[in-house]
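*Asks:*
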Ligand SMILES: Nc1ncnc2c1ncn2[C@@H]1O[C@H](COP(=O)(O)OP(=O)(O)OP(=O)(O)O)[C@@H](O)[C@H]1O
Ligand SMILES: [Mg+2]
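Numbering (our numbering), first residue to last: 650 to 900.
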């Protein structure tokens, strides 16, 4: 039994069956990649895991509890954090202020934007945010406006903000999309470091096969809303169905 169990999940948008019968089991403390062509339903699936979408059919269990019908915030409190396809940080705030927000939310179970001015006076929040920035190797950037950072650094900050919530499951939707190769390699190293240092399960959606094969222990290939294959990276690499679905090559 995995820490995340997706059973027979289906989701329609009008006439479009975005997800068919999706079954997925993610084992605790592993890195599990979900790959597939554009429009395969990867982000839709992730949205169903974090309360952004409610599937029409099926069940989603995290550590034995259903996530369905819960708000994104409640799911977050259960131990699931998610990095979006486009970095979601507050550009007008400094790196440090961005990092203090999840520290605050973790401590108080809620967060209001007007609390930002007061956060600097909260010793435990400041200390935790500083420690997280150290962990992310971003301590020297703490005063920077986050909007002025590179895409790689924004992503690094965003991943750190997720970790500040101390998740047991980290979901990443194309964390290296639009990145230069050097930033991509830094992100791979960061995720490897996170995996080594923490008890955490990572589910990652990714187009870049170098990232997928560098990190994952298990891979699910999604095509037209349905899992085609689930296997180890070694077996996935040469799989004819994968070449057909993912690379557009016929077997
Ligand atoms: N809110 C929505 N309303 C209508 N159709 C949607 C909605 N969200 C996604 N879709 C459609 O559902 C299908 C699956 O989309 P999804 O974004 O999950 O694909 P994806 O695998 O994440 O693709 P990509 O690799 O491009 O990010 C696509 O055909 C998409 O156009
Ligand atoms: Mg997507």
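Here a beta-carbon is modelled for each residue, glycine too, at the ideal position from N, C-alpha and C. A quick note: this is a predicted structure, and the numbers were derived from the prediction, not measured.
1) Taking only runs that begin and end inside the region 839 to 895, name each unbroken beta strand (DSSP E) of 3 or more residues, in chain order.
2) At a Cβ threshold of 7 Å, is residue 821 touching chain B?
3) List the endpoints of the continuous beta strand (DSSP E) containing residue 710.
4) With DSSP collapsed to three states, give me the class of residue 672.
5) Can you check which of these residues, 864, 850 and 846, is closest to residue 836 by C-alpha distance?
6) Can you tell me which of 854, 825, 747 and 822 puts its alpha carbon nearest to the alpha carbon of residue 813?
7) Since residue 721 contacts residue 701 with CB under 8 Å, what's their CB separation in whole angstroms?
8) Hey, would you say residue 683 sits closer than 7 Å to residue 854, going by beta carbons?
9) What do you get for residue 650, buried or exposed, if any count of 16 or more other CB atoms within 10 angstroms of its CB means buried?
10) Give the secondary structure of residue 908 by DSSP, where H, G and I count as helix, E and B as strand, and everything else as coil.
11) With 16 other CB atoms within 10 Å as the buried threshold, where does residue 851 fall?
12) Take every Cβ of the region 737 to 753, pair it with every Cβ of the region 769 to 783, and state whether three or more of those distances are shorter than 8 Å.
13) Would you say the beta carbon of residue 755 comes nearer than 6 Å to a heavy atom of ligand 2?
14) Considering just the uninterrupted stretch of the alpha helix (DSSP H) at residue 692, what are its terminal residues?
15) Inspect the CB distances between the region 833 to 848 and the region 793 to 813 and report whether three or more fall short of 8 Å.
16) Reducing DSSP to helix, strand and coil, say where residue 900 ends up.
17) Please state the DSSP three-state secondary structure of residue 812.
18) Provide the residue span of the alpha helix (DSSP H) that contains residue 765, from first to last.
19) How far does the beta strand (DSSP E) with residue 654 in it reach, from first residue to last?
20) With a threshold of 7 Å on Cβ separation, who are the neighbours of residue 833 within its own chain once the five nearest residues in sequence on each side are excluded?
21) When you compare the CB positions of residue 879 and residue 869, do they come within less than 7 Å of one another, or not?
*Replies:* So, to answer that:
1) The qualifying runs are 850 to 854, 867 to 872 and 875 to 880.
2) Given the protein chain composition of this structure (a single chain), no chain B is represented.
3) If you look at residue 710, you'll find it in the beta strand (DSSP E) that goes 706 to 711.
4) The three-state reading of DSSP puts residue 672 in strand, counting E and B together.
5) When only C-alpha atoms are compared, the closest one is 864.
6) Nearest of 854, 825, 747 and 822 to residue 813, Cα basis: 747.
7) The Cβ separation is near 6 Å, so the contact holds.
8) Yes; because the gap between Cβ atoms is below 7 Å, this pair is in contact.
9) So residue 650 counts as exposed.
10) No answer is possible for residue 908: the residues shown for the chain start at 650 and end at 900.
11) Counting the other CB atoms within 10 Å of its CB gives residue 851 a total of 16 or more, which places it among the buried residues.
12) Counting Cβ pairs under 8 Å, three or more are found: they touch.
13) Outside the cutoff, so no.
14) Under the DSSP assignment, residue 692 falls in the alpha helix (DSSP H) whose first and last residues are 691 to 698.
15) These segments touch.
16) Low confidence applies to residue 900: its pLDDT is 45, below 50, so where it sits in the model is not reliable, and the reading given next is rough at best. If DSSP states are grouped into helix, strand and coil, residue 900 belongs with coil.
17) In the displayed model, residue 812 falls within a helix according to three-state DSSP.
18) From DSSP, the alpha helix (DSSP H) with residue 765 extends over 765 to 768.
19) Unbroken beta strand (DSSP E) run through residue 654: 653 to 662.
20) Cβ contact annotation for residue 833 (same chain, cutoff 7 Å, sequence separation greater than five): 825, 857 and 860, in chain order.
21) Result yes, Cβ atoms of residue 879 and residue 869 sit closer than 7 Å.
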